[in-house]
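Asks: In my numbering, the protein residues as written are 3 to 761. We treat Cβ as the ideally placed atom computed from N, Cα and C, and that holds for glycine.
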Ligand code: BGC
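1) Is the distance from the Cβ of residue 48 to the Cβ of residue 76 below 9 Å?
2) On a Cα-Cα basis, can you pick out the residue from 238, 295, 242 that is closest to residue 257?
3) Pick out the complete alpha helix (DSSP H) segments inside the region 514-550, 4 residues or longer, and give them in chain order.
4) At the level of alpha carbons, what is the spacing between residue 139 and residue 531?
5) Whole angstroms are fine: how far does the CA of residue 624 sit from the CA of residue 110?
6) Taking 9 Å as the cut-off, decide whether the C-beta atoms of residue 243 and residue 287 are in contact.
7) Rounded to the nearest angstrom, what separates residue 430 and residue 569 at their Cα positions?
8) Have a look at residue 250 and residue 450 and give me their C-alpha separation to the nearest angstrom.
9) Return helix, strand or coil for residue 3, following the three-state DSSP convention.
10) Flag this pair as touching only if the region 209-227 and the region 706-717 have three or more C-beta atom pairs under 8 Å; answer yes or no.
11) Is the beta carbon of residue 152 within less than 8 Å of some heavy atom of ligand 1?
12) Verify whether the separation of the beta carbon atoms of residue 240 and residue 185 is less than 9 Å.
13) Can you give me the start and stop residues for the alpha helix (DSSP H) that residue 47 sits inside?
14) Would you give the residue range spanned by the beta strand (DSSP E) that residue 368 belongs to?
15) According to DSSP, is residue 554 helix, strand or coil?
16) With three or more C-beta pairs closer than 8 Å as the rule, is the region 671-681 touching the region 645-658?
17) According to the Cβ coordinates, are residue 563 and residue 543 closer than 9 Å?
18) Ends of the alpha helix (DSSP H) at residue 129?
19) Output needed for residue 84: all residues of its chain with C-beta closer than 7 Å, excluding positions within five of it in sequence on either side, in chain order.
20) Between the region 483-496 and the region 447-467, are three or more C-beta pairs nearer than 8 Å?
21) Which residue from 589, 438, 506, 597 puts its Cα closest to that of residue 127?
22) For residue 203, list the residues DSSP reports as bridge partners.
23) Just how far apart, CA to CA, sit residue 176 and residue 385?
24) Name the one or two DSSP bridge partners that residue 116 has.
25) Name the one or two DSSP bridge partners that residue 447 has.
26) So, with DSSP's three-state summary, where would you put residue 750?
27) Tell me whether residue 285 counts as near ligand 1, meaning its Cβ is closer than 8 Å to at least one heavy atom of that ligand.
28) Can you check whether the CB of residue 146 is closer than 9 Å to the CB of residue 425?
29) Would residue 642 be called buried (16 or more neighbouring beta carbons within 10 Å of its own) or exposed?
30) Smallest Cα separation from residue 63: which of 316, 13, 228, 181?
31) Is the beta carbon of residue 545 closer than 9 Å to that of residue 566?
32) For ligand 1, is there any heavy atom lying closer than 8 Å to the beta carbon of residue 294?
33) Give the range of the alpha helix (DSSP H) segment to which residue 319 is assigned.
34) By a C-beta neighbour count over all protein chains shown, 10 Å radius and 16 as the cutoff for buried, is residue 3 buried or exposed?
35) List the endpoints of the continuous beta strand (DSSP E) containing residue 292.
36) Given the structure, does residue 290 come close to ligand 3, in the sense that its CB is under 8 Å from one of the ligand's heavy atoms?
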């Protein structure tokens, strides 16, 4: 019965989709037949009116007037049904053809209920929870009148100096792809029949995370193999998951800025990958192509349209020059029509032509934004994002009794809980660590001392506070640094355990926040040294948007819990973990370097001709004289209150042929005293191939829960798809030979089995 029904259902679904498309095409063709060239170009213009969330250095002028004249296709940076309605009304009632606008915003890790920063979210390795966070963000964003989220950011980053590493999922393309897919599904749901889903916008296309020296907006230059193998997969995964739009990046690729790069925006994106949505530029990335040095304002605007860009964010190069370029034969009418059609299609699919106000419901914010349910989810998700990097002698979890000294500049700083890119987030609604500890462990006697400023360096303070002069993230206490430390030592002397909340301010990562020195600022190092000197156990709770260099901290603290920027419920979630209500299960998704000099440092590196295996130093190996090659903490690493031990990898065959499937099993046992979750990771190594391969690549992972004493068999099905790679001529296939199947709790500590696989 089922067998006969399924093809019929599929056929019906395809026919239905085709009929819907035909209906849409007729509608749009009809509408476009009435549009002037100016009105078509107007649809390609995305503006930001200013006043609310401004995320770049210029804002658009005369927005209302432009909407009335049909010179605006979409608007971003405003929130709230009232404001969105006002703008939509101008478009619908005031413009000649009544074409509705789309409304976007940087909804990056939550809208008003903020979740952990994306790098933190990725450390949960929990795609179901990540999807849930995106779906809650979509629900809150639509309650605020929006229908377009500038997310997910899927740029692979191997350089912790780059501030925007905080916005992505770290260094691995496989994990990055799974998360990209989960986020698109979370935002877009099963479509826009429900006005609680938003269009996703994958960004930044492409390779932005490979900016040279980690310096913001810097040049990118990389081989095609590296691109295809390591950097492009997450964008492709997001598109395969149905992402409706994509944002071009600021950087150049092969000498041509992404926003004007035809190979990227047309050959790769549309021809090879079959992308059907629309491409929007990044903030003024169109006009910035003049600085890149590829032409004047008119020339770069024509370059962008020719390349395949559909919508121009803020630069207004399309608006101001395309008509002239059309008359001069520098662009074609068809190119303008194609771009305009893609924008109108997005509006049609959102249902805006049926009801331009369908995302605008003034009764929703009170019910749907920052609800108890959303905050509960934020607390749960945040707890899953924390990574326990060290826990000497089981100092954690803490007892809910005795005296705690809670010290450090991040211990009671609402301003710094949400992290970067929380444009609609309200930090006053966030829970600090101090508050969380009081909420979760009421009977604990808590003594608080600030202990230090985040930094005392005026140069850094000025720059790191530049985003918001009215609500500074780094404040300088009236007390001197010495007096602050002495208060903290005083508190510590009365306590059983010291909790030291240290790290970066929220916007010491994020856009335009690259750092050359990624250690803790001196003020906080001084505090930590004084605390360690007291001889009391020190638990570092680390707030950070990037991997930091933590050699001293790692050697001297008794425990180290990385909590990123956990969002609205950060403090409660941290306390949940500190007191053992939830056993930490996060695993880092970007290697923590031992020294900035190792960067880029990442697990899936090549072997080289003179590999150094980490044992006794010998001359003429690929290594350093002064430091080891290994990072301080490798990709995939993270502890639990449980203790997970891995048995050997058992394979069901050692020789395979063609498209057979290999079953690899490992037994994981919790030998610890506490139950917990463990992410079991599968890596594959292909030691001989026609091109050099990385030493291993992540190809699967499974999250399991184990009670004390419990064992579970974890099984992975290894297929030939997992063996595939890009050859010199970019052919994607696998080659016969030996493979190692490696399974473990992080990229470094793995058990291995060898198999021979022939074609
Ligand atoms: C950022 C994008 C963001 C855009 C709009 C740009 O500066 O690079 O990630 O979506 O601004 O705010």
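Replies: For this structure:
1) Within the chain shown, residue 48 is the residue found at index 46, counting from 1. Within the chain shown, residue 76 is the residue found at index 74, counting from 1. Yes, Cβ-Cβ distance for residue 48 and residue 76 is below 9 Å.
2) Locating residue 257 in the chain shown gives position 255, counting from the first residue. The candidate whose alpha carbon is nearest that of residue 257 is 295.
3) 524-535
4) If you number the chain shown from 1, residue 139 lands on position 137. If you number the chain shown from 1, residue 531 lands on position 529. Spanning the two alpha carbons is a distance of roughly 40 Å.
5) Mapped onto the chain shown, residue 110 falls at position 108. Mapped onto the chain shown, residue 624 falls at position 622. Cα-Cα distance, rounded: 39 Å.
6) As a working note, residue 243 is residue 241 in the chain shown. As a working note, residue 287 is residue 285 in the chain shown. Contact: no.
7) Taking the first residue of the chain shown as position 1, residue 430 is located at position 428. Taking the first residue of the chain shown as position 1, residue 569 is located at position 567. Roughly 11 Å separates the two Cα atoms.
8) The residue labelled residue 250 in the question sits at position 248 within the chain shown. The residue labelled residue 450 in the question sits at position 448 within the chain shown. Taking the straight line from one Cα to the other gives about 46 Å.
9) For the purposes of this step, residue 3 is identified with residue 1 of the chain shown, where counting begins at 1. Unreliable placement is indicated for residue 3, whose pLDDT of 49 sits below 50; the coordinate value is still reported in the next sentence. Residue 3: coil per DSSP, three-state reduction.
10) no
11) Residue numbering aside, residue 152 sits at position 150 when the chain shown is read from its first letter. Residue 152 Cβ: within cutoff of ligand 1.
12) Position 238 of the chain shown, counting from 1, holds the residue named residue 240. Position 183 of the chain shown, counting from 1, holds the residue named residue 185. Yes, these two residues count as a Cβ contact at 9 Å.
13) Residue mapping note: residue 47 aligns to position 45 of the chain shown, counting from 1. From DSSP, residue 47 is part of no alpha helix (DSSP H) but of the beta strand (DSSP E) over 47-49.
14) For this step, residue 368 is matched to residue 366 along the chain shown. It is not in any beta strand (DSSP E) - residue 368 instead sits in the alpha helix (DSSP H) that spans 366-370.
15) Reading the chain shown from its first residue, position 552 is the one you call residue 554. Residue state, collapsed to three classes: helix.
16) yes
17) For the purposes of this step, residue 563 is taken as the residue at position 561 of the chain shown. For the purposes of this step, residue 543 is taken as the residue at position 541 of the chain shown. In contact: residue 563 and residue 543 (Cβ atoms closer than 9 Å).
18) Along the chain shown, read from residue 1 onward, the residue named residue 129 stands at position 127. Per DSSP, residue 129 belongs to the alpha helix (DSSP H) from 129-145.
19) If you number the chain shown from 1, residue 84 lands on position 82. For residue 84, where only same-chain residues beyond five positions count, the Cβ hits under 7 Å are 364.
20) yes
21) Against the chain shown, residue 127 aligns to sequence position 125. When each option's Cα is compared against that of residue 127, the closest is 589.
22) The residue given as residue 203 occupies position 201 in the chain shown. Note: residue 203 sits in a beta bridge opposite 247.
23) Position 174 of the chain shown, counting from 1, holds the residue named residue 176. Position 383 of the chain shown, counting from 1, holds the residue named residue 385. Straight-line Cα distance between these residues: approximately 23 Å.
24) Your numbering for residue 116 matches position 114 in the chain shown. In DSSP, residue 116 forms a bridge with 112.
25) Here residue 447 corresponds to residue number 445 of the chain shown, with the count starting at 1. DSSP output for residue 447 lists 405 as bridge partner(s).
26) Mapped onto the chain shown, residue 750 falls at position 748. Coil, per DSSP.
27) Position 283 of the chain shown, counted from the first residue, corresponds to residue 285. It does: the Cβ of residue 285 is within 8 Å (strictly closer) of some heavy atom of ligand 1.
28) Taking the first residue of the chain shown as position 1, residue 425 is located at position 423. Taking the first residue of the chain shown as position 1, residue 146 is located at position 144. No, they are not a contact pair.
29) Locating residue 642 in the chain shown gives position 640, where the first residue counts as 1. Classification of residue 642: buried, given that the 10 Å Cβ count is 16 or more.
30) Locating residue 63 in the chain shown gives position 61, where the first residue counts as 1. The shortest Cα separation from residue 63 among 316, 13, 228, 181 belongs to 316.
31) Taking the first residue of the chain shown as 1, we reach residue 566 at position 564. Taking the first residue of the chain shown as 1, we reach residue 545 at position 543. Against a cut-off of 9 Å, the Cβ pair of residue 545 and residue 566 comes out as a contact.
32) Along the chain shown, one-based indexing puts residue 294 at 292. No, the beta carbon of residue 294 sits no closer than 8 Å to any heavy atom of ligand 1.
33) For the purposes of this step, residue 319 is identified with residue 317 of the chain shown, where counting begins at 1. 319-329 is the extent of the alpha helix (DSSP H) around residue 319.
34) Taking the chain shown and counting its residues from 1, the one referred to as residue 3 is at position 1. Residue placement at residue 3 is flagged as unreliable, the pLDDT there being 49, under the threshold of 50; the coordinate-derived value follows with that caveat. The residue is exposed, with fewer than 16 neighbouring Cβ atoms inside 10 Å.
35) Looking up residue 292 in the chain shown gives position 290. Note, residue 292: premise wrong, no beta strand (DSSP E); alpha helix (DSSP H) at 291-294.
36) Here the bound small molecules are ligand 1; ligand 3 is not part of this structure.
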